[in-house]
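Participant: Residue numbers (our numbering): 5 to 355.
Please see the structure below; I have some questions.
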């Protein structure tokens with residue numbers, strides 16, 4: 005990993021304790037390249053980190069202050085006395101996951117960290133544990149008191165995707181395609197790729213209907229909403245082209261740094277076929293960077309120490325790079341810098 009010019013502060017949570025998240029987190033924390041690139045705060049009890057490290061077969065250097073040689077584990081002594089069962093959905097796992105995510109958000113709200121990286125979650129456990137939002141992005145937006153535009157960003161090597169609609173039924177997609185949300189999604193993807201370091205990101209936009217709508221024969225969303233949304237983005241100086249038929253746009257992926265799709269599976273099927281191992285999800289639009297590996301909790305191999313760390317490492321690397329870029333820009337512009345305020349060491353933030 006290249007050492008960023010600004011050293012950001014990153015909050016890491018272990019994800020669902022019943023899945024592979026803790027062991028993957030341990031491998032990230034044990035890697036000296038990650039500690040050299042960022043100050044890492046771990047929201048967990050020391051006993052949980054040590055147990056995860058034993059599964060992963062690594063040693064995690066822990067201190068009360070993060071730095072190139074150590075991570076800081078913000079132990080609030082809240083781990084359950086009886087370990088949460090591995091490999092199953094449970095209310096206890098959801099409650100534990102939400103507890104640590106809330107602590108990470110509290111640190112972000114206090115300006116103590118510039119990014120949150122969370123390991124894989126289980127949505128059913130989260131809902132059993134008290135999460136009422138449709139997905140993590142909406143939950144983070146609520147906890148951060150953010151009501152601006154958001155979109156989940158999915159990333160593989162060399163290609164980022166954003167979508168105009170997300171976790172909604174197919175029957176509701178067409179009515180939610182609006183020129184304004186197309187423009188907002190294009191703008192968000194452009195901003196994030198710029199934060200990542202691309203000077204003028206090349207963006208392609210997918211159609212909704214078969215054959216790009218065939219001049220209105222198979223639907224008019226392209227004419228009424230998508231084309232105006234693209235033109236509005238172009239007028240703002242964004243290098244966006246489209247719409248293009250959704251069944252061929254990914255064949256031309258080398259022409260683009262990012263692709264905007266209209267609904268969840270339109271982009272996700274392509275992304276996962278092209279690069280499932282290594283994929284990253286970014287919770288786009290939030291005031292801080294929030295990243296996670298694109299895979300799930302993998303209950304079937306949890307505790308075996310064999311889960312691939314590639315996606316988790318990519319999530320942390322992207323979070324560090326984007327947070328560092330934002331720190332540089334905010335410092336230059338005299339704005340509030342998340343993850344750079346406060347004392348040299350963050351205090352424990354309890355929820």
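For glycine and all other residues, C-beta sits at the position ideal for the given N, C-alpha and C.
(1) Return the residue from the list 60, 48, 73 that minimises the CA-CA distance to residue 39.
(2) For residue 98, I'd like the list of residues in its chain whose CB is within less than 6 Å of its CB, leaving aside the five on either flank, ordered along the chain.
(3) Do you know how far the Cα of residue 79 is from the Cα of residue 207?
(4) In three-state DSSP terms, what is residue 100?
(5) Have a look at residue 352 and residue 106 and give me their C-alpha separation to the nearest angstrom.
(6) Since residue 13 sits in a beta bridge, which residues does DSSP pair it with?
(7) Between residue 190 and residue 264, which are expected to be in contact by the criterion C-beta below 8 Å, what is the C-beta distance as a whole number of angstroms?
(8) Please report the straight-line C-alpha distance between residue 348 and residue 23, rounded to a whole angstrom.
(9) From the DSSP output, in three-state form, read off residue 300 for me.
(10) Given a threshold of 16 other Cβ atoms within 10 Å of its Cβ, counted over all protein chains shown, does residue 26 qualify as buried or as exposed?
(11) State the Cα-Cα distance for the pair residue 313 and residue 122, rounded to the nearest angstrom.
(12) Considering only their Cβ atoms, is the gap separating residue 88 from residue 94 smaller than 8 Å?
(13) Let me see if you follow: with CB-CB separation under 8 Å, is residue 183 close to chain D or not?
(14) Pull up the distance between the alpha-carbon of residue 305 and that of residue 311, whole angstroms please.
(15) Have a look at residue 238 and residue 56 and give me their C-alpha separation to the nearest angstrom.
(16) One question on the structure: do residue 166 and residue 202 come within less than 8 Å of each other, judged by their Cβ atoms?
(17) Nearest by alpha-carbon distance to residue 17: which of 235, 251, 28 is it?
(18) Would you say residue 290 and residue 187 are within 8 Å of each other, going by their C-beta atoms?
(19) Output the residue ranges of the alpha helix (DSSP H) runs that lie fully inside the segment 75–159 and measure 4 residues or longer, sorted by chain position.
(20) Can you give the beta carbon distance from residue 31 to residue 60, rounded, assuming they're within the 8 Å contact cut?
(21) Would you check whether the ligand NAD has a heavy atom nearer than 7 Å to the C-beta of residue 283?
(22) Just reading off the alpha helix (DSSP H) that residue 187 is part of, what are its end residues?
(23) To the nearest whole angstrom, what separates the beta carbons of residue 373 and residue 324, a pair I think is in contact under 8 Å?
(24) In whole angstroms, give me the CA-to-CA distance for residue 245 and residue 85.
(25) What does a CB cutoff of less than 6 Å around residue 143 pick up in its chain, not counting 5 residues either side in sequence?
(26) Quick check: what's the CA-CA separation for residue 307 versus residue 217?
(27) Using a 10 Å radius around the Cβ and a threshold of 16 neighbouring Cβ atoms, would you call residue 354 buried or exposed?
(28) The alpha helix (DSSP H) with residue 277 in it runs from where to where?
(29) By how many angstroms is the C-alpha of residue 53 removed from the C-alpha of residue 33?
(30) Return the residue from the list 254, 184, 240 that minimises the CA-CA distance to residue 230.
(31) Could you pull out every residue in the same chain whose Cβ sits closer than 8 Å to the Cβ of residue 92, ignoring the five residues on either side in sequence?
Facilitator: Let me lay it out:
(1) When only C-alpha atoms are compared, the closest one is 73.
(2) Excluding residues within five positions, the ones whose Cβ falls inside 6 Å are 129, 130, 132, 133.
(3) Their Cα atoms are separated by approximately 43 Å.
(4) Judged by DSSP in its simplified three-state form, residue 100 adopts helix.
(5) The predicted position of residue 352 is uncertain, since its pLDDT is 29 and thus under 50; a value taken from the coordinates is nonetheless stated next. Taking the straight line joining both Cα atoms gives about 12 Å.
(6) In the DSSP output, where bridge partners are listed per residue, residue 13 has 43.
(7) Contact holds; Cβ gap of about 6 Å.
(8) Low confidence applies to residue 348: its pLDDT is 32, below 50, so where it sits in the model is not reliable, and the reading given next is rough at best. Going from the Cα of residue 348 to the Cα of residue 23 covers about 33 Å.
(9) Assignment of residue 300 by DSSP, reduced to helix, strand and coil, places it in the coil class.
(10) Classification for residue 26: buried.
(11) For residue 313 and residue 122, the gap between their C-alpha atoms comes out near 13 Å.
(12) Yes, the pair counts as a contact, with Cβ atoms nearer than the cut-off.
(13) Of the protein chains in this structure there is only one, and it is not chain D.
(14) Residue 305 and residue 311 have their alpha carbons spaced roughly 7 Å apart.
(15) Between residue 238 and residue 56, the C-alpha separation is close to 48 Å.
(16) Result no, Cβ atoms of residue 166 and residue 202 do not sit closer than 8 Å.
(17) Proximity to residue 17 across 235, 251, 28 peaks at 28, based on C-alpha coordinates.
(18) The Cβ atoms of residue 290 and residue 187 lie no closer than 8 Å to each other.
(19) The segment 75–159 is shown to contain whole alpha helix (DSSP H) runs of 4 or more residues at 95–113, 127–132, 140–147, in chain order.
(20) Indeed they touch by this definition, with Cβ atoms about 5 Å apart.
(21) Looking for the ligand NAD in the displayed structure turns up nothing, as the structure carries no ligands at all.
(22) Counting along the chain, residue 187 sits inside the alpha helix (DSSP H) bounded by residues 183–200.
(23) The shown model of the chain, from 5 to 355, leaves out residue 373, and the question about it has no answer.
(24) Spanning the alpha carbons of residue 245 and residue 85 requires a straight line of approximately 56 Å.
(25) 135, 137, listed in sequence order.
(26) Approximately 49 Å between the Cα atoms of the pair.
(27) Because residue 354 carries a pLDDT of 29, less than 50, the predicted location of this residue cannot be relied on, and the following value inherits that uncertainty. Exposed, because fewer than 16 other Cβ atoms sit within 10 Å of the Cβ of residue 354.
(28) Start and end: 268–279.
(29) Between residue 33 and residue 53, the C-alpha separation is close to 9 Å.
(30) Comparing Cα positions, the closest option is 184.
(31) Exclusion of the five residues before and after residue 92 leaves 22, 303 as the residues of its chain whose Cβ lies within less than 8 Å of its Cβ.
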